[in-house]
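Written below as structure tokens is the structure these notes are about.
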Amino acid sequence: MNFKHKYVFLFPGLFVLIGILIFPIIFTIRLSLSGWNSYTPEMNFIGITNYIRLFTDDPRFWESFFRLSFLSVTTVILQYIIGFALALIVWREIKFKRFFRVIFLIPMMTTPVIMTVIWRTFFHESLGPVNDLLGNLGVKPILWLSDPVIAKFTVIIVEVWQWTPFMFLLLLAGLLSLPKEPFLAAAIDGASPFRKFVYVTFPLMAPISIGAIIIRLIEASKIMDTVFVLTSGGPGTATETSSFYIYIKGLREFQMGYAATLSFTYLVIMIISLTIIAKVLTKLMIKE
Amino acid sequence: MKTIKTCVTAIISALLIFSPVAYADKWSDQFPHIKATGDIPGECSYESMSKKNYKGKTLKINTHAVPVMGEPTALHAEQFAKLTGAKVDVTHTPAGDLYAKAMVPFQAGQAPYDIVFGFSNFINDWKRYLEPVPKKYVEMKQMQDVTPSHIGIASWDGVMYQFPVDGDRHYLKYRKDVIDNPKYQKKYKADTGKELRVPQTWKEYGEMAAYFNGWDWDGDGEKEYGSAEVMKKDDLMYAAFYSRSAAYSKNPKTPGGFFFDLKTMKPLINNPGFVEALTDWVAATKYVPPGGINFGLGDEIGSFGGGQTLFSFSWDDAFVAAMQPDSPINNKVGAAQLPGAMKVWNRTTNSWDEGFNQAPFFVWGWAVGVAKKSKEKEMAFDYLCFFANEANHQADIGIGRFGVNPFRNDDFKADVWTQIGWDKDIAQSYVDTLAQMEESKNRVFPLRVPGTFEFNAALATAAAKALAGQLSPQAALDEAAKQWEDILNRVGKDNVRAAYSVGVAMEDNKL
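Chains as they are written, first to last, in the numbering used here: chain A, 4 to 291; chain B, 731 to 1241.
Put into structure tokens, the structure is as follows:
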């Protein structure tokens, strides 16, 4: 059948793709070459001035990027470990299995901003219940949000609490889809639960694990709402992440051109680094 | 005949005397917010607004988060809707985002909001997108009572762009029941060898705050602390820093700029005066309540107003909150000008001038304008006029969390405050403090230059790094000064100088 007009049917999808993906990227690149800000609100052309500024005169962006890397890698590793453990628990035949599955998913169903407000209240150093409870146990108040080091871990706690269920859900779905035969073979061979996990479950779960880790890394690298509500990037700049910094430059200081430069650079870095991470994980976790 | 005449006279007199009250009651029954005064006749009173018909129209407002300014905006929106039939949509936005929330649509040529709230120092960036306040509002009786300084704040080149709804300045608030307490005065003297008094300098402030930090000095079973301050980055903390810096850096002998040297446009924010102030502020992190380094304005109001600290300095809100009848420290607080310093930096001689120096900081305040592209300008200005009418204003200034502070001549009379239950001496000290600030010849006004937000954000980030211990005060302010240079280069020194010269003229008492 020679139906030459079949390509016409691709146009709607193509238009949508251009509208929601290609155009914003091209617009961002163009904006990044302009000096658009509050006092010159126009798409003028200033060449690569913003890029020069970013690479030669903006250590704050790079600090925020390395901080983000630490936060996202740490949170995703913790989410993976805890999520996997929880998934293994409810994968087995235990009592109230369905109930636990729902319970484990609750944090993910809540609105991040609202939950972070609640966490902020919990961690309030003079009025919050956490320090109050610790005080009753004779522990001195902990500066959950005021100490530059502890504040990072507070952000990690909230992120892990909020997003471990997502990891749990993906990994549980993976476990439920595994073939039964390898487990039967292992059981016939008398393999211990530990050896079963190491030599059967974990390798079989590797492709799903890689997918889950990459998805969560992408999400975690955009961390914004938790930082915004919990610490506003503080104390000082101790919890400022790349996305929060870009938000400050773009929507608080209104340096739209420069914020576009940061956004595009960040996008390129993320594409490259996530591709490398995916390759490395595949090499490490999937044995031929 | 004489009896009839007497009766008629009595009835007429009674009507004349009591009619305003009866008239007031009519509205205060429906709107308990103004129960203290009832409606007060005027161009934008409840009575006047009830004659307007905006049925079928929608007014969109972007304001600050509840409660500070957000709560009165929503309250008056509800009242306005009831009176005029209009539908009023109020959006609440955190302080740090008010600027962009208006600027994004402004620059895109859109008007998602008819009314935008912000800070009065946005005026330079916003004015081209705002509709000037129409003459009929500028000339109305209600506006005649606004102090000339606040008319000036709301205007640029003689054109009023912002409708006055608030007036602000930073001053010191202290616990009168501690500072004036003979028992504590004796104890403090015995322990430190110094007088316990209203702190005259920031050093005294720090010493007293540190002494009264972390123990239960008011006997309520809870620990109290030295000071509550706005230290949270991006939440107006730059204003708190300028307040602490003014005494060390605003030298009446060296006119021509506080933030920049107007001649050279060299940033002055890393000179020894500012560094001294930041060093004091870093020390203050030891006498704020736990978590105080993350206190925003709302936390500061709640902390001092709730009786948690000995001192506070910022806007009026914390003081008014403390004076509300339901406050645990009602009538136990005092107001005074910001502390001074025993030395002030002289940038001409590059040395310290010894001797007492004090410099009030006029932070200005909340500002609000009507978008030029709004299709409901008349309704928008009517709403603002109603917001600031005399009855609403008198009720609003007595509620600390509202963030509405004195800006009318009548507000500077002690009677206004004693009528809402303040002790006479406290009311007097409050209005005296405000009046002294108005009269001072060594005042500091905030930046109103292109890129204000960038300058303040750079300073706030640097100060926050110092407070968090990430940088030393000198290194932090050097970093801020470097960023100010960069911003100057981007915006253009001449652009900034032209706008800054207006503020400098006010500081140098030439306007």
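Note that the Cβ used here is the ideal one computed from N, Cα and C, for glycine as well.
The three-state reading of DSSP puts A/Lys290 in coil, since its state is none of H, G, I, E or B.
When 8 Å is used as the limit between beta carbons, B/Gly786 is near no residue of chain A, the shortest such separation being about 34 Å.
Beta-bridge analysis with DSSP links B/Gly1064 to B/Tyr904.
Interface criterion met: the Cβ of A/Glu256 is under 7 Å from a Cβ in chain B. Of the other Cβ atoms in all chains shown, fewer than 16 fall within 10 Å of the Cβ of A/Gly50; this residue is therefore exposed.
When DSSP assignments are scanned along the region 851–924 of chain B, the uninterrupted stretches of alpha helix (DSSP H) that are 4 or more residues long and fall wholly within it turn out to be 853–856, 865–868, 871–874, 878–883, 906–909, 912–922. Ranked by Cα distance from B/Ile770, the first of B/Thr1009, B/Gln1124, B/Trp856 is B/Gln1124.
In the three-state reduction of the DSSP assignment, B/Trp945 falls in the strand class, which pools E and B. For B/Leu1197, the chain A residues whose Cβ falls inside 8 Å of its Cβ are Pro238, Gly239, in order along the chain.
Around the Cβ of B/Glu869, a 10 Å sphere holds fewer than 16 other Cβ atoms; the residue is exposed.
For A/Ser212, the number of other beta carbons within 10 angstroms of its own is at least 16, and it is reported as buried.
A Cβ of chain A is located within less than 7 Å of the beta carbon of B/Gly1021. Under the Cβ criterion of 7 Å, B/Gln892 is not counted among the residues facing chain A. In the structure shown, B/Trp1147 falls within a helical segment according to DSSP collapsed to helix, strand and coil. Around A/Tyr261, the same chain offers Asn53, Lys252 as residues with beta carbons nearer than 6 Å, after the five sequence neighbours per side are excluded. If you look at B/Asp1224, you'll find it in the alpha helix (DSSP H) that goes 1223–1237. Relative to A/Asp150, the option among B/Asp948, B/Ser1202, B/Phe1116, B/Thr1015 whose CA is nearest is B/Thr1015. Within the region 1098–1172 of chain B, no run of beta strand (DSSP E) reaches 3 residues while sitting entirely inside it.
Pairing B/Val1234 with B/Leu966 gives a Cβ-Cβ distance that is not under 7 Å. For A/Trp122, no beta strand (DSSP E) encloses it; the enclosing alpha helix (DSSP H) starts and ends at 115–126. Closest option to A/Val120, judged by alpha-carbon separation, among A/Gly86, A/Val283, A/Leu233, A/Thr244: A/Leu233. In the displayed model, B/Pro997 falls within a strand according to three-state DSSP. Below 8 Å, too few C-beta pairs join the region 1152–1170 of chain B and the region 1178–1187 of chain B to call them touching: fewer than three.
The alpha helix (DSSP H) runs of length 4 or more contained entirely in the region 49–127 of chain A are, from start to end of the chain, 52–60, 62–94, 100–112, 115–126. Out of B/Gly1028, B/Thr1039, B/Gly1036, B/Asn1061, the CA that lies nearest to the CA of B/Trp1045 is found in B/Gly1028. Around B/Glu1209, the same chain offers Ala1192 as residues with beta carbons nearer than 6 Å, after the five sequence neighbours per side are excluded. The beta-carbon separation of B/His806 and B/Phe1137, rounded to 16 Å, does not stay under the 8 Å limit for a contact. By the criterion of at least three beta-carbon pairs nearer than 8 Å, the region 1201–1219 of chain B is not in contact with the region 1021–1037 of chain B. For B/Ile1129, the closest C-alpha among the options B/Ala766, B/Asp759, B/Ala977, B/Thr793 is that of B/Ala766.
Boundaries of the alpha helix (DSSP H) harbouring A/Leu20: 14–20, taken from the DSSP string. Counting the other CB atoms within 10 Å of its CB gives A/Leu17 a total below 16, which places it among the exposed residues. Measuring C-alpha to C-alpha distances from A/Phe64 to each of A/Leu175, A/Tyr250, A/Phe171, A/Ile280 identifies A/Tyr250 as the nearest.
Between B/Gln1204 and chain A, the shortest Cβ-Cβ separation is not below 7 Å. The secondary-structure analysis by DSSP pairs A/Trp164 with nothing; it has no beta-bridge partner. Residues of chain A with a Cβ closer than 9 Å to the Cβ of B/Tyr829 are, in chain order, Ser41, Leu254, Arg255, Glu256, Phe257. Under the Cβ criterion (8 Å, minimum of three pairs), the region 1060–1072 of chain B counts as touching the region 895–910 of chain B.
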